[in-house]
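Residue numbers (my numbering): 1283 to 1734.
Pasting the structure below:
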């Protein structure tokens, strides 16, 4: 059976041009060498896969870690972008941040501000191992690079930075925030803002009458601040690694394992990047004790497994069943913008496994797996379609996504061609304008019909 999609049908059914809501634009993809690949002194670099993109406060800029097909010592890349344009700003094994010491990382954790100034974390290759755990920094096109913080450095609070670094951030004013282990313990993480001048939360601090702990690895990189530095979130535990998992916002516990939601209780907080929005909203996905998933915003339930999707298929509900990883369920995307709008992305109970992943904007479907992609940039939606291959993975590609204030949603997706070639793409989609959702939904259903 071949899946066939026609851009002409979609345009005719919706009465909209291809740049309209619900039609994905491919920014980067890994089919081979082309306009969305990079050239260096060794030739053309072919993408292998993309990690989770992170936005600036409004989403006017973005940054992500990507991989290429070079050797494992040279396959990491930091990519900055604005809209559909992009820059290669650091290439593992090639980019030197100081003489004789090149960029190396396996960490996806990065941040960028509205000017395009960015930060990331990783290791330096070459030289001593006593100062190689660093915070990288650079500008939008990669012409200026620096190492503002590193292992062994004494910062403004008097702390000496240890061997582990986490959750880098940068404000619009250029102030860097980060987490670092103490020199006494690799699991005791302290979180700093204002270029290391302020410790906003330390391992062992009292939070809402409880002792904050970073002993459990999960959540150490969830440290995020708003673009003015006035608000932060972080994930940790109470007391020890076996203690209750908590989400902290501005020195107060706002969510904890055991809290009651959707007829069950929170078993784990699955916080990723893009939790904290610039207006102070926080959003996260959770796994419930009964195995279902749920999406939460500012402590209020947005949706849970079993709830109606609000999409184009009557009676369709969110479902944890297709996602068979033991550590995740139902929702891959729970994020928003600075205007309190929300995007959810998750699996449903649709029996058609080609169409059972849906993205909604404020409760209305705007994109579904099976949507056609134009990989070769010729303007025709005839190359491949969104299709998720690995439901067993705890970290499938669709975990990466954000909503910009201008109404564009950005995400990493799997695709499949009619020849069953599998790959990854980084896309953006314009979310529906008010009143356009029903027409777009009908158009999508027509365009996504299967033909034998």
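Glycine included, every Cβ here is placed at the ideal spot set by N, Cα and C.
Looking at the DSSP output, residue 1698 shares a beta bridge with 1667, 1704. Per DSSP, residue 1374 lies in no beta strand (DSSP E) segment and is marked neither H nor E.
Beta-bridge partners of residue 1615 (DSSP): 1627.
DSSP, reduced to helix, strand and coil, places residue 1681 within a helical segment of the structure shown. Within the stretch 1469-1545, the runs of beta strand (DSSP E) at least 3 residues long that lie entirely inside it are, in chain order, 1471-1475, 1480-1484, 1492-1495, 1514-1520, 1527-1531, 1534-1538. Taking the Cα positions, residue 1480 is about 5 Å away from residue 1474. Contact between the stretch 1334-1354 and the stretch 1683-1700 is present: three or more C-beta pairs spanning the two stretches fall below 8 Å.
The residue from 1304, 1312, 1305 with its alpha-carbon nearest to that of residue 1658 is 1312. In this structure the stretch 1420-1428 does not touch the stretch 1441-1449; the number of beta carbon pairs closer than 8 Å is below three. Collapsing the DSSP output to three states places residue 1406 in a strand. Counting along the chain, the unbroken beta strand (DSSP E) around residue 1384 starts and ends at 1383-1386. Around the CB of residue 1608, fewer than 16 other CB atoms lie within 10 Å, so the residue is classed as exposed.
Residue 1456 and residue 1632 have their C-alpha atoms some 46 Å from each other. Between the stretch 1404-1411 and the stretch 1382-1392, the count of C-beta pairs closer than 8 Å reaches three or more; the two stretches touch.
If only uninterrupted beta strand (DSSP E) runs of at least 3 residues are considered, those enclosed by the stretch 1412-1462 are 1415-1420, 1427-1432, 1447-1452. Minimum Cα-Cα distance from residue 1599 among the listed residues 1606, 1586, 1497 corresponds to 1586. Here residue 1415 is buried: its Cβ has 16 or more other Cβ atoms, across all protein chains shown, within 10 Å.
Within the stretch 1545-1607, the complete beta strand (DSSP E) segments of 3 residues or longer fall at 1546-1551, 1565-1570, 1575-1579, 1582-1586, listed in chain order. Its chain contains 1361 as the residues whose beta carbon lies nearer than 6 Å to that of residue 1368, once the 5 sequence neighbours on both sides are disregarded; these appear in chain order. Classified as buried, residue 1653 has 16 or more neighbouring CB atoms from the shown chains inside 10 Å of its CB. Taken atom to atom, the span from the alpha-carbon of residue 1342 to that of residue 1712 is near 14 Å.
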